[in-house]
Every structure is written in structure tokens, then in C-alpha cells.
Amino acid sequence: MLYIFDLGNVIIDIDFNRVLGVWSDYSRVPLATLQQNFTMDEPFHQHERGEISDEAFAQQLCAQMSLPLSFEQFSAGWQAVFVGIRHEVIDIMQRLRAAGHRVVVLSNTNRLHTTLWPEQYPQVRAAADAIYLSQEMGLRKPDAAIYQRVLEAENVSAAEAVFFDDNAANVEGARQVGIDAILVKDKTTVPDYFAANA
1084 MLYIFDLGNV IIDIDFNRVL GVWSDYSRVP LATLQQNFTM DEPFHQHERG
1134 EISDEAFAQQ LCAQMSLPLS FEQFSAGWQA VFVGIRHEVI DIMQRLRAAG
1184 HRVVVLSNTN RLHTTLWPEQ YPQVRAAADA IYLSQEMGLR KPDAAIYQRV
1234 LEAENVSAAE AVFFDDNAAN VEGARQVGID AILVKDKTTV PDYFAANA
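Per my numbering, the very first residue in the sequence shown carries number 1084; after that it's consecutive.
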């Protein structure tokens, strides 16, 4: 089988409130205002597909949110999203590989984040056979094409794949192409799935 794991809130806990907190400290814009104004709209999607640079994304988002930040300050906040690794998921990934299954990561991410998390959490790369990143593929979940690209690269059919993601739209996108997809609601979802399907 091919087991596909999302990164954020599946393997690594993330929290965008931490990002906004750092930006608020730098800019003196109240956190509540930033929480109200922060949206993952088209520039966010373009950044994840690698269509715009980190600098262009920072510029657009700061203008949109009236944030007077330097690129360095923006980056410091953007990198604060990562909370910590879910060791129980890393253990499961390693057990799956030891049992002869193929284990990959499929993440909507961006260059700014990939300058940090691979070094900060080397366990992820060590536990995966391959890592598929939206900004390198020019595609992002829940587009059907990104799942099909992974299936083709791994040379498996949709029926031979299981996908874990914390975003309902991404789960539905995977199901649309025939992949068995599991919505990760909290830290117990992945361990509970494998306990039930042992």
C-alpha cells in the first residue's frame, strides 16, 4: 500500500495564531485585528504553488493587512507556525515502511517554510520514502491533478492508496480521484486508524 501523509497538523503541529502573535509584537497591530484580517486567499495559494516569490507574497500580505513589517520580521513570524512533531505519527510511518509499505508526505507549503522545517524536524524526511511539496509541483491540494501526480510517481492505483489530511476539502479532493482519505481531527485520529486496521 501507499500511505500519504499531510504535514501540518498531521505530522507536525502548526498554529497560525503564533505567526500573528509575532507580527503583532513587531507591528503593534492588535492580535485581534490580525486574526480578523488574515485570510488564505489567492496570493496564499499562488505562494504554495510556487508562482510568486516569498518577497512578493510578504509584500502582498503586508499591504492587504496594513502590516508595517520588514521582510525579516515577516519571515520570523511566518516561521513561528511550527509547534512540534507528533512522534506517534513518525513511529507509525517507520513501522509501515518496515512492513514493506511505501510512505510519502504530500504538503501544501512554500519555500519560506521549507527553509526551516526539514532542518528543524529531520525525523520527517527520515520516516518518508518521498516528500511531495506543492511549490515544487506547481499544484496544490485539493486539485485532483496533485493526487494523480503522486499516484503516477509512485506507480500505484488510487485503490492502493490511503491519505491523511486535517483539511476536509483536501480529503474530499483525494476521495474524488478514488483514494481512501481520512480526515485527521486531532492527535488520536492516525493512531486510532492504525489500531483499528492492524
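Each residue gets a CB set at the ideal place from its N, CA and C atoms; glycine is no exception.
{"Query": "Bounding residues of the beta strand (DSSP E) (the contiguous stretch that carries A1264)", "Result": "D1263 to L1266"}
{"Query": "Selected residue, minimal CA-CA separation from L1351, among Y1230, N1253, E1138 and P1274", "Result": "Because the chain is modelled from 1084 through 1281, residue 1351 falls outside the range shown and cannot be assessed."}
{"Query": "Residue span of the beta strand (DSSP E) that contains A1213, given as start and end", "Result": "A1213 to L1216"}
{"Query": "Contacts around A1264, its chain only, beta-carbon distance under 6 Å, and the 5 residues preceding and following it disregarded", "Result": "F1246, V1254, A1257 and R1258"}
{"Query": "V1186 (DSSP reduced to helix, strand or coil)", "Result": "strand"}
{"Query": "DSSP beta-bridge partners of A1244", "Result": "L1085"}
{"Query": "Collapsed DSSP secondary structure at I1229 in the structure displayed", "Result": "helix"}
{"Query": "Residues near V1166 in its chain [Cβ-Cβ closer than 8 Å; skip 5 each side]", "Result": "I1095, D1096, I1097, D1098 and R1101"}
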